[in-house]
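Heads up: the sequence shown begins at 1 in the UniProt record's numbering, then just goes up one per residue.
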Amino acid sequence: MDEKNSGVREARRNRHWRQIHESAVLLVLENGLPATTIDAIAAAAGVSRRSFFNYFPTKEDAVLGTRDPWLPEVEWAEFLSSKLPVLPRTAKLLAAVLNTSTQAGEGFRRRREMVRAFPELRRRTHVHVQAAEQLVATALIERLKPHQAALLADELPNDPDAQHALVLLAGTITRFAFTEDPEEFARDGQAAVLRASEVFAALLNPPSR
């Protein structure tokens with residue numbers, strides 16, 4: 001019974017999410033971004049203003065179909081147990097965090113189209129990227145337990161500045177993977193990041209002549 005109720009609640013949440021997102025897109029296409037208000041989006045979607053904020057932190061997120069990123073525990077555990085070098089491992093973790101800001105990978109083409117039509121939306125995507133980088137940086141500094149840090153000691157720098165630099169490099173790899181093939185990144189961001197990491201590894205460690 002609990003599983004059935006949980007499924008009903010999830011279906012209702014997904015339906016409300018789509019209603020708000022679709023309403024936001026239609027209103028912005030019709031009236032422009034500045035003239036579209038959260039109250040108008042909520043009214044068009046048939047939800048309260050309070051309910052709107054249960055699904056989207058800003059009207060820009062409602063238009064893009066995005067939300068604040070978070071650190072998935074499964075990917076964090078995979079980061080800790082991975083045999084990959086620390087840079088591609090961190091880039092994979094960052095890509096996983098970035099993917100939490102979208103609705104299960106849906107609406108990729110529409111997001112690109114909306115950003116092209118309304119470039120001011122790009123600022124919101126940058127906010128999510130910066131938030132994702134901060135989440136990963138904080139995890140590296142604050143969430144590693146002593147035995148985990150010991151396991152990673154050979155690769156993970158112990159200096160906070162170096163850890164921050166590591167996350168910035170991982171962000172560069174992730175952005176490169178996205179710009180090289182955005183649609184592939186949307187389909188399988190982890191694989192795209194690994195291929196991009198190989199390009200950077202060749203640049204950072206050129207073969208001896």
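Where a beta carbon is used, it is the ideal one built from N, C-alpha and C, also for glycine.
{"Query": "Can you tell me which residues form a DSSP beta bridge with THR66?", "Result": "THR102"}
{"Query": "Going along the chain, which residues of its own chain have a beta-carbon closer than 7 Å to the beta-carbon of ASP39, five neighbours each way excluded?", "Result": "ARG49"}
{"Query": "On a Cα-Cα basis, can you pick out the residue from GLU120, VAL74, ALA96 and ASN205 that is closest to VAL63?", "Result": "GLU120"}
{"Query": "Does DSSP put PRO206 in a helix, a strand or coil?", "Result": "coil"}
{"Query": "Drop a sphere of 10 angstroms on the beta-carbon of THR172, count the other beta-carbons inside from all chains shown, and report buried for 16 or more, exposed for fewer.", "Result": "exposed"}
{"Query": "Who are the near neighbours of PRO69 in its chain, counting only those whose CB is closer than 7 Å to its CB and skipping five residues on each side?", "Result": "VAL97, LEU98, THR100, SER101, HIS128, ALA131, ALA132 and LEU135"}
{"Query": "By Cβ distance below 8 Å, which residues in the same chain neighbour PRO207 in space, the five residues on each side in sequence not counted?", "Result": "none"}
{"Query": "Can ARG122 and VAL115 be called in contact, C-beta distance under 8 Å?", "Result": "yes"}
{"Query": "For the alpha helix (DSSP H) that contains GLU180, what are its first and last residues?", "Result": "160-180"}
{"Query": "Whole angstroms are fine: how far does the CA of LEU71 sit from the CA of GLU30?", "Result": "36 Å"}
{"Query": "Can you check whether the CB of LEU94 is closer than 8 Å to the CB of ALA170?", "Result": "yes"}
{"Query": "Could you check where the alpha helix (DSSP H) with ASP39 kicks off and where it finishes?", "Result": "38-45"}
{"Query": "For ASP61, which three-state DSSP category applies?", "Result": "helix"}
{"Query": "My understanding is that ALA24 touches LYS59, with C-beta atoms under 8 Å, so please give their C-beta distance in whole angstroms.", "Result": "6 Å"}
{"Query": "Please check the pair VAL193 and ALA77, which I expect to be a contact at CB under 8 Å, by giving their CB distance rounded to whole angstroms.", "Result": "So it is not a contact: roughly 18 Å between Cβ atoms."}
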